[in-house]
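Read left to right, the sequence shown gives residues 676 to 1140 (the numbering used here).
In this text, a Cβ means the ideal position worked out from N, Cα and C, and glycines have one as well.
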Amino acid sequence: MALAHSRVFGAAQLEQVPTPGSYRAYIETYGCQMNFADSELVAGLLHAEGYGFTQDPQEADLILINTCAIREHAEEKIWQRLKYFQSCKQRRPHLIVGVLGCMAERLKAKLLQEAPVVDLIAGPDSYRHLPQLIRQVESGARAIHVLLSREETYADIAPMRLAPHPTSAYISIMRGCNNMCSFCIVPFTRGRERSRRWQSIVSEAQQLAEAGYKEITLLGQNVDSYQDQGVRFAELLARVAEAAPTAWIRFATSHPKDMLDEVLETIARYPNLSPYIHLPVQAGSNSVLQRMNRGYTAEWYLDRVAAIRRYLPQAVLSTDIIVGFCGETDADFEATVALMEAARFDFTYHFMYSERPGTLAARRYKDDVPQEVKHARLEAVITKAQALSLTSNQAQIGTYQQVLIEKPARRDPKDLAGRTFSGRNVILRGAAASYKPGDTVEAYIHEATSATLIGYVTATLSESP
Ligand code: SAH
Ligand code: SF4
Ligand code: F3S
């Protein structure tokens, strides 16, 4: 679920919101999908307070940056952006700059000390307090709220749908994480795990489908441990699938130690549950997995992969891999490459280990793999991942696929880009003349690279509302 990209909120639909004379907010978001979903909540809250929105930080009265702390590099980017916001503030002295999200939670008041440009800090469980924190800044004081909660799920707050494509929506089904993987900062920045009430998830999904949304992604750090009033994740999936029969339902992230066959069975049973499974493995060596405190072995992981392939022959399986974790030897690393081969991952996200202060690994183990070795291992993982993705995508040549169109293709404006039901990227040649983002089509696949399928439209399935 770690998508190392940023996106600016302030989409066209927001500009239609009539808020004459009101303050204008600019929200910039980094990190995983949960952070993007949180920015939608924040936008919803601000809208209810009468804020308008802008896509230009230079025009904003309020800049909020929703941050990620997963790796050191993620935080470096935020420091750069804060420097830029400092220059905005010199031109617009009344500008309020707020830092939200995981880096805010990790650094707390230290961020106020080290970045004079910052007026306001709010952690992931503090967004309800934003209006009050903004008023505090307006009255001349800097404001901070970073208390983590055991209950907050924001179930009653209407998010402002901004992302990522016109007919796609996120629903956060739980918050926090109880897993304590030794490398990971998330349990410290997002607190204890809690599940949102299933009724509010199901009714939100139903409303989205009725409003014409075609893709709904259920989000949690470990969806397999969802539990509310006796409803577990498989049951929740079934209820959402029934409540939103016209939408494709996706979810992230599954945890190998908790993923049950009943989830796979449920996906196989409902035609609108997408067989896309993101199952982070992190490493292929059992001693590394143990130091990572992941709670499974390579053999257990491969058993889960076998179950996925058995229940869902069309499944697209992706993973996360960390190279260069504390104490990782050449033999350990070879085990990771061997596991990639055995699991035949359709897609791989890869990261170099980055020590995070305060985590179990930082306290217990030495970050002892030299930088150049981490680099070389990352390169080897990338090479392997590309070869596996190419094989997987080439196997789709000659098939027909359902595709939800998302956006214009980057290379050629005559083409459109989208995703198959199972989550593969597709470029549709020449489709821009007749189709638009939000349409669902059938496509014939005639070519494939490691990154994408290439095809053309053979039929319209449903049009964007
Ligand atoms: N809850 C999800 C995602 C957590 S963060 C899960 O359990 O998979 C997304 C990914 O970032 C992780 O899967 C891991 O591969 C990577 N990651 C987390 N902490 C990291 C660190 N300290 N250094 C490098 N990569 C890290
Ligand atoms: Fe981090 Fe592990 Fe929780 Fe994922 S499951 S958020 S990697 S502690
Ligand atoms: Fe997500 Fe980054 Fe926080 S990956 S949970 S925004 S540390």
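- Between the C-alpha atoms of L775 and A886 there is a straight-line separation of about 30 Å.
- Restricted to the segment 749–837, the alpha helix (DSSP H) segments that are unbroken, complete and at least 4 residues in length are 776–782, 784–789, 805–813, listed in chain order.
- Residue range 1046–1069 is occupied by the alpha helix (DSSP H) that includes H1050.
- The C-beta of S762 has fewer than 16 other C-beta atoms within 10 Å across all chains shown, which makes the residue exposed.
- Residue range 908–918 is occupied by the alpha helix (DSSP H) that includes E917.
- Counting every other CB atom within 10 Å of its CB across the protein chains shown gives K1049 a total of 16 or more, marking it as buried.
- At a threshold of 7 Å, I702 does not count as near the ligand F3S, since its beta carbon sits no closer than that to any of the ligand's heavy atoms.
- At least one heavy atom of the ligand F3S sits closer than 7 Å to the Cβ of R865.
- For I740, the Cβ stays outside the 7 Å cut-off from all heavy atoms of the ligand F3S.
- For H722, the three-state secondary structure derived from DSSP is helix.
- DSSP places F1026 in the strand class (E or B) of the three-state scheme.
- Listed in chain order, the non-local C-beta contacts of E1003 below 6 Å within the same chain comprise V963, V1044, local neighbours out to five positions each way being set aside.
- In terms of Cβ geometry, V821 and K785 do not form a close pair [threshold 8 Å].
- With contacts defined as CB atoms closer than 8 Å, A916 and Y945 qualify as a contacting pair.
- When distances are taken from the beta-carbon of V1044 to the heavy atoms of the ligand SF4, even the shortest one reaches 7 Å or more.
- No heavy atom of the ligand SF4 is found nearer than 7 Å to the CB of Q1071.
- Within the chosen limit of 7 Å, the ligand SAH reaches the beta carbon of Q896 through at least one heavy atom.
- Within the same chain, Cβ atoms closer than 7 Å to the Cβ of A943 are found at Y986, L987, the five residues on either side in sequence being excluded.
- Going by beta carbons, L1014 and V956 fall inside the 8 Å limit.
- Scanning its chain for C-beta atoms nearer than 6 Å, with the 5 sequence neighbours on each side dropped, one finds around Y1028 the residues I997, G999, F1000, in chain order.
- Beta-bridge partners of D995 (DSSP): Y1024.
- With contacts defined by Cβ atoms closer than 8 Å, N1100 and L1079 do not form a contacting pair.
- Under DSSP, R925 takes part in a beta bridge, and its partners are T892.
- Cβ-Cβ separation between M849 and R869: approximately 6 Å, consistent with a contact (criterion under 8 Å).
- Per DSSP, E1081 is one residue of the beta strand (DSSP E) stretching across 1075–1083.
- Per DSSP, the unbroken alpha helix (DSSP H) holding S878 starts and ends at 873–885.
- DSSP, read as helix, strand or coil, puts Y976 in helix.
- Using a Cβ-Cβ distance cut-off of 8 Å, the segment 800–817 and the segment 855–864 are not in contact, since fewer than three pairs of beta carbons, one from each stretch, lie closer than that value.
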